[in-house]
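Start counting the sequence shown at 77; every next residue gets the next number (this note's numbering).
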Amino acid sequence: MPIEMLKGLPFSVDTWSSKSSTKRHHFLTHAHKDHTQGICIYGSYPIYCSRLTRTLVLQHFPQLDGSFFVGIEAGQCIMIKDPDGDFTVTALDANHCPGALMFLYEGKFGNFLHTGDCRLTIECLQQLPLKYVGTPGKEPKCQIDCIFLDCTFGQSPLKMPSRQSAMQQIINCIWKHPQAPTVYLTCDLLGHEEILMHVSQTFGCKIYVDKAKTPECFQALELMVPEILSEDTSSRFQLFDGFPKLYQRAEAKIAQAQSDFQHEPLIIRASAQWYACDDGISDIESQKKGRCDQPVRDIFGVWHICYSIHSSKEELEWALQLIAPRWVISTTPSCKALELDYVKRLFNQHRNFNDPFWQLLGFSMDVESEVDVETAPDVVEVSSSPLAKSNAQDYAENSQSTTSSFSICRQSNPSPPSKTAAPVTLFGRARLGLNGSYFKHEEKEPILPDENAVIRCSDELEVISLKKDEVVVEAGKTLAVSESLDIRSKESLMHTETENCIFESAVGLSNSYNPSLRKLYRSMHVPVPRPLPSLTELMNATKRARRRL
């Protein structure tokens with residue numbers, strides 16, 4: 077699922093919503109349906125994409141106005157006029173599916189690379205201007221400020237074969253089963269056309285595609301590779317529907333052949349998803365999935381080949397080392413950028429949170445998130461680029477901004493924090509359906525964090541991580557502390573808290589303070605707050621005052 081672009085940017089990428097409709101320019105990386113959701117409702121001129129993507133989208137959504145689209149092809153660089161300053165866009169081949177592009181944006185807001193969905197290879201990176209690509213052990217001459225990265229397999233340790241190697245595995249699997257009367261190819265997704273064409277050319281046979289069952293797939297194939305299509309239902313090679321109920325249909329095909337005393341059909345599924353998913357499988361099945369260099373048959377009789385149109389984690393790490401961006405944002409909600417070792421190193425090396433943009437940020441303690449908060453806390457971090465200054469003005473006026481749980485990491489040096497803007501965020505909470513609020517202007521009652529904690533005093537933000545929670549609240553200020561505190565940017569925290577926070581009372585704490593808590597206050601040169609008197613003592617004091625009167 078694509079994510080909304082930062083508010084200071086004048087363009088959207090692959091998102092079609094009320095929020096993205098306020099952007100002046102729109103970009104579509106490719107024609108997969110998860111990247112075109114809402115385009116019929118919120119799509120408007122101009123939408124930049126490749127001509128093939130435009131044709132495929134109009135096939136799926138004939139009600140769309142074709143005049144909305146502006147063509148841009150891989151290798152092409154265009155200048156876009158904008159009231160806030162002209163900027164250039166360079167289109168790059170994404171190595172994902174036909175017509176798929178990556179976009180490099182360069183303007184006053186900085187330089188950004190949006191990969192869309194991609195399979196990063198050396199050929200992909202060679203398309204970038206040389207100044208943005210380094211060499212092993214040497215950083216590039218010019219750093220990309222932010223890369224919006226496809227992290228679909230960012231959590232998987234799989235060493236995926238190249239697409240060419242995977243296609244050769246498919247050919248070898250077919251050669252090894254000459255007795256199979258029918259070969260069913262589960263290649264009905266946009267991006268699998270290359271497999272069908274390779275099989276057809278190797279064996280000199282056309283492939284039967286049922287126009288009634290898979291009309292969209294048939295239209296796409298007819299547009300791109302019409303020479304491989306056959307209308308003969310007895311053809312040995314046939315397109316097989318993927319999900320849903322792939323395994324039930326596969327078992328039914330094999331059972332039918334056995335009942336007719338015929339050789340079993342060969343059913344091939346070219347996808348990396350089966351290898352990456354390990355829920356509820358046996359040890360034997362898990363061992364099979366570890367072999368990505370050869371076809372593997374599962375318990376349902378389906379032969380799997382690890383063919384991926386997304387980058388493996390190893391490829392992502394390799395690409396980030398060469399590009400060395402200052403920020404990384406995952407466009408895949410199921411995998412945050414902090415899952416990647418490169419981003420973890422950035423986060424560990426640059427923990428000074430005195431960035432002038434910290435007041436623009438909020439935190440989403442999404443308890444359902446798959447991120448391990450002990451090793452990779454859900455942190456959003458930005459820097460003082462021209463975009464940051466633009467965002468500061470925009471977001472200071474918008475007090476209704478909401479939170480997100482995307483991870484951004486920064487590499488440049490920080491500068492002193494500003495004290496004028498109220499804490500807001502860069503991303504919208506509504507996209508992920510998050511309900512809680514962590515801002516002073518939205519709080520109605522104290523919020524108790526689960527795993528992480530956020531200190532908010534006046535207009536300053538600082539971050540700590542905790543294991544056992546104790547909370548101090550006064551006049552809308554929230555301080556979360558624990559027995560094991562990891563203070564980020566300790567000197568800045570001491571300075572900020574001394575100037576802006578005076579903790580004179582406590583709520584919900586016992587008369588005896590935890591030693592770690594006392595140590596924390598002393599390290600910040602802040603007086604240890606005295607506990608509030610009990611309710612009984614307050615009532616007695618009120619009675620005594622009345623009696624004196």
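We treat Cβ as the ideally placed atom computed from N, Cα and C, and that holds for glycine.
Residues that residue i bridges to, as DSSP identifies them
i: leucine 261; result: Leu315 and Ile344
i: histidine 190; result: Phe179 and Phe224
i: arginine 239; result: None, per the DSSP bridge assignment.
i: tryptophan 403; result: Cys222
i: tyrosine 124; result: Phe103 and Val146
i: aspartate 169; result: Leu177
i: phenylalanine 229; result: Ser388
i: phenylalanine 64; result: In the structure displayed, the chain extends from 77 to 625; residue 64 sits before or after that span and is not available.
i: valine 378; result: Ile343
i: phenylalanine 163; result: Ile156
i: isoleucine 283; result: Leu305 and Phe313
i: threonine 211; result: Lys214
i: arginine 373; result: Trp379
Residue nearest to residue i in terms of C-alpha spacing, selected from the options
i: methionine 236; options: Gly175, Ile223, Leu196 and Cys200; result: Leu196
i: cysteine 194; options: Glu391, Glu613 and Val404; result: Glu391
i: threonine 191; options: Thr166, Gly210, Ser94 and Lys184; result: Thr166
i: isoleucine 246; options: Phe294, Phe279 and Glu199; result: Phe279
i: lysine 214; options: Ala617, Pro371, Met178 and Leu398; result: Leu398
i: aspartate 417; options: Gln334, Lys389, Thr98 and Arg402; result: Lys389
i: leucine 322; options: Ala346, Ala333 and Met178; result: Ala346
i: leucine 128; options: His108, Ser120 and Phe376; result: His108
i: alanine 331; options: Phe294, Val378, Leu297 and Glu303; result: Val378
i: lysine 287; options: Ser276, Gln277 and Leu305; result: Leu305
i: lysine 157; options: Cys353, Pro86, Phe294 and Val404; result: Pro86
i: valine 133; options: Glu199, His253 and Ala296; result: Ala296
i: aspartate 317; options: Ser276, Ser335 and Ile344; result: Ile344
i: isoleucine 148; options: Gln135, Phe163, Cys125 and Glu182; result: Cys125
i: histidine 386; options: Phe163, Cys153 and Cys200; result: Cys200
i: leucine 422; options: Lys412, Ser410, Cys411 and Val404; result: Val404
i: arginine 100; options: Gln152, Phe163 and Cys153; result: Phe163
i: tyrosine 284; options: Ala413, Tyr260 and Ile271; result: Tyr260
i: cysteine 249; options: His380, Ala413, Phe185 and Ile375; result: His380
Residue i versus residue j - alpha carbon distance
i: glutamate 415; j: leucine 225; result: 12 Å
i: histidine 339; j: glutamine 324; result: 19 Å
i: arginine 130; j: alanine 400; result: 32 Å
i: alanine 348; j: arginine 373; result: 14 Å
i: glycine 210; j: aspartate 308; result: 52 Å
i: phenylalanine 503; j: glutamate 80; result: Residue placement at phenylalanine 503 cannot be trusted, given a pLDDT of 35 that sits under 50; what the coordinates show is reported in the next sentence. The alpha-carbon atoms of phenylalanine 503 and glutamate 80 are separated by roughly 7 Å.
i: histidine 106; j: proline 174; result: 8 Å
i: tryptophan 251; j: histidine 172; result: 27 Å
i: serine 120; j: serine 88; result: 11 Å
i: alanine 150; j: leucine 342; result: 37 Å
i: aspartate 545; j: leucine 204; result: Unreliable placement is indicated for aspartate 545, whose pLDDT of 38 sits below 50; the coordinate value is still reported in the next sentence. Each residue's alpha carbon lies about 47 Å from the other.
i: leucine 614; j: glycine 114; result: 59 Å
i: histidine 111; j: serine 232; result: 23 Å
i: glutamate 298; j: asparagine 424; result: 51 Å
i: methionine 243; j: leucine 396; result: 27 Å
i: lysine 329; j: phenylalanine 319; result: 15 Å
i: glutamate 303; j: valine 419; result: 45 Å
i: aspartate 90; j: serine 241; result: 30 Å
i: phenylalanine 179; j: alanine 170; result: 9 Å
i: proline 78; j: glutamate 327; result: 35 Å
i: phenylalanine 482; j: lysine 83; result: For phenylalanine 482, the predicted model reports a pLDDT of 35, less than 50, meaning its position is unreliable; a value from the coordinates is still stated below. Near 15 Å, if we compare the C-alpha coordinates of lysine 83 and phenylalanine 482.
i: proline 371; j: alanine 256; result: 16 Å
i: glycine 183; j: aspartate 160; result: 10 Å
i: alanine 139; j: phenylalanine 337; result: The question names alanine, but residue 139 is glutamine in the sequence shown. Each residue's alpha carbon lies about 50 Å from the other.
Beta-carbon contacts of residue i that lie in its chain and below 7 Å, excluding the five residues immediately before and after
i: lysine 217; result: Lys207
i: cysteine 368; result: Leu234, Lys235, Met236, Pro237, Tyr351 and Cys382
i: threonine 290; result: Asp264, Leu315 and Asp317
6 Å CB neighbourhood of residue i in its chain, flanking five on each side removed
i: threonine 187; result: Checking the sequence shown, residue 187 turns out to be asparagine, not threonine. The answer, listed in chain order, is Ile220 and Asp221.
i: isoleucine 123; result: His102, Leu104, Phe144 and Phe145
i: valine 301; result: Glu269 and Met273
i: serine 94; result: none
i: phenylalanine 137; result: Cys116
Nearest-angstrom beta carbon gap, residue j and residue i [assumed within contact, 8 Å]
i: glutamine 314; j: threonine 262; result: The Cβ separation is near 10 Å, so there is no contact.
i: serine 384; j: cysteine 227; result: The Cβ separation is near 13 Å, so there is no contact.
i: threonine 408; j: glycine 230; result: 7 Å
i: leucine 168; j: leucine 177; result: 6 Å
i: asparagine 281; j: serine 310; result: Correcting the residue identity first, residue 281 is cysteine in this sequence and not asparagine. So it is not a contact: roughly 11 Å between Cβ atoms.
8 Å Cβ cutoff, residue i in contact with chain B
i: isoleucine 344; result: Absence of chain B from the displayed structure is noted, only one protein chain being present.
Own chain partners of residue i with C-beta closer than 8 Å, once the 5 adjacent residues on each side are dropped
i: glutamate 292; result: Gln135 and His136
i: tyrosine 118; result: Trp92, Ser93, Ser94, Ser96 and Ser97
i: glutamine 202; result: Val209
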